[in-house]
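One structure is given below, encoded as structure tokens.
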Amino acid sequence: MVRWPTLVEPSVSLPGRVDVTAAAAGLRHLDASTEPALVFSQLAAVWVPAVCDDVIIDLVENGHGYRIRQPAVPAPVPPLPPNVPASRSRSDGPVLGAHTVTVSIDSDGAAAVGLGFTGTLICSWSDGYRPVTADASLIGLAVDYAVALIHRERLTSKAAGLQGPAQTLSNTLSRNRRIASAVGVVMALHHVDQTQAMNLLIRISERTDRDLQDVADSVVQTRTVPRIRPH
2 MVRWPTLVEP SVSLPGRVDV TAAAAGLRHL DASTEPALVF SQLAAVWVPA
52 VCDDVIIDLV ENGHGYRIRQ PAVPAPVPPL PPNVPASRSR SDGPVLGAHT
102 VTVSIDSDGA AAVGLGFTGT LICSWSDGYR PVTADASLIG LAVDYAVALI
152 HRERLTSKAA GLQGPAQTLS NTLSRNRRIA SAVGVVMALH HVDQTQAMNL
202 LIRISERTDR DLQDVADSVV QTRTVPRIRP H
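Going by my numbering, the first residue of the sequence shown is number 2, and it counts up by one from there.
Listed below in structure tokens is the structure:
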């Protein structure tokens, strides 16, 4: 389970109007999902009004983009300063504007295994509040948490999807090894080559109406080849 890191003591609030206690509690109760839209929609609902007045989240995955906005009928979002780009790489960290905090959403190396997505989250305040570095750090950590939550669910889902094929492959390999052992026994007993030994096992299976693996197991265990009656 992904745990939200302890940012500050519950009784302490960051400067201004940010309610850290409500924000942290909301994050702990985010429903895990493989879908970024679901997780970030919940995050937006937590962030307004606990942290800010307006949240815009733009996400891009597999060439498709979509926007999440909270509240549904928001006030205009103050623009970023002209010298600050609308999006930066995740390593640059959150970007503080006059009344905004912008955080890039980047799933890092997960794209290599088909789990990646990117985007931007903008928190804004319409009451004149100027966010500080502590606000930006809180928002950046929340984005990291949401991304980690999605990755965990996607990896879990991917692993579960591989269990069936992996088990089938394991069963096939086991079956082939057992039949190969029986072929070796037949070759040693009757001085025939591999193809002849395999054909003999197949004929025994067909004539006795037994599964080939069952015939092979019997040959390996008894070191004898069952007699078959000619048609």
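Yeah, the Cβ is synthetic: ideal placement off N, Cα and C, and Gly gets one too. Computed from a prediction, not measured in an experiment: that's the story for all the values here.
- In this structure, DSSP gives residue 215 a helical state, which the three-state scheme calls helix.
- Of the other Cβ atoms in all chains shown, 16 or more fall within 10 Å of the Cβ of residue 54; this residue is therefore buried.
- When rounded, the separation of the alpha-carbon atoms in residue 124 and residue 139 is 11 angstroms.
- The segment 94–101 makes no contact with the segment 19–30: fewer than 3 CB pairs, one atom from each, lie closer than 8 angstroms.
- The Cβ neighbour count for residue 160, taken over all protein chains shown within 10 Å, is under 16; the residue is labelled exposed.
- A direct Cα-Cα distance of roughly 12 angstroms separates residue 227 from residue 218.
- Here DSSP, grouped into helix, strand and coil, assigns residue 98 to coil.
- When only Cα atoms are considered, residue 126 and residue 141 end up about 16 angstroms apart.
- Residue state for residue 47 is assigned as helix, using DSSP reduced to three classes.
- Take residue 190, set aside five residues on each side of it, and the residues of its chain with a beta-carbon closer than 7 angstroms to its own are 226, in chain order.
- Two segments are said to touch when three or more pairs of C-beta atoms, one from each, lie closer than 8 angstroms; by this definition the segment 144–152 touches the segment 40–55.
- The residue from 180, 198, 130, 107 with its alpha-carbon nearest to that of residue 215 is 180.
- For residue 201, there is no enclosing beta strand (DSSP E); the enclosing alpha helix (DSSP H) has its first and last residue at 195–209.
- In this structure, DSSP gives residue 154 a helical state, which the three-state scheme calls helix.
- In the DSSP secondary-structure assignment, residue 105 is bridged to 121.
- A Cβ-Cβ separation of about 5 angstroms places residue 61 in contact with residue 119 under the 8 angstroms criterion.
- The beta carbon of residue 194 sits closer than 8 angstroms to those of 188, all from its chain and outside the five residues before and after it, given in chain order.
- Residue environment analysis places residue 32 among the exposed positions, since fewer than 16 neighbouring C-beta atoms fall within 10 angstroms of its C-beta.
- Cβ contact annotation for residue 186 (same chain, cutoff 7 angstroms, sequence separation greater than five): 220, 221, 224, in chain order.
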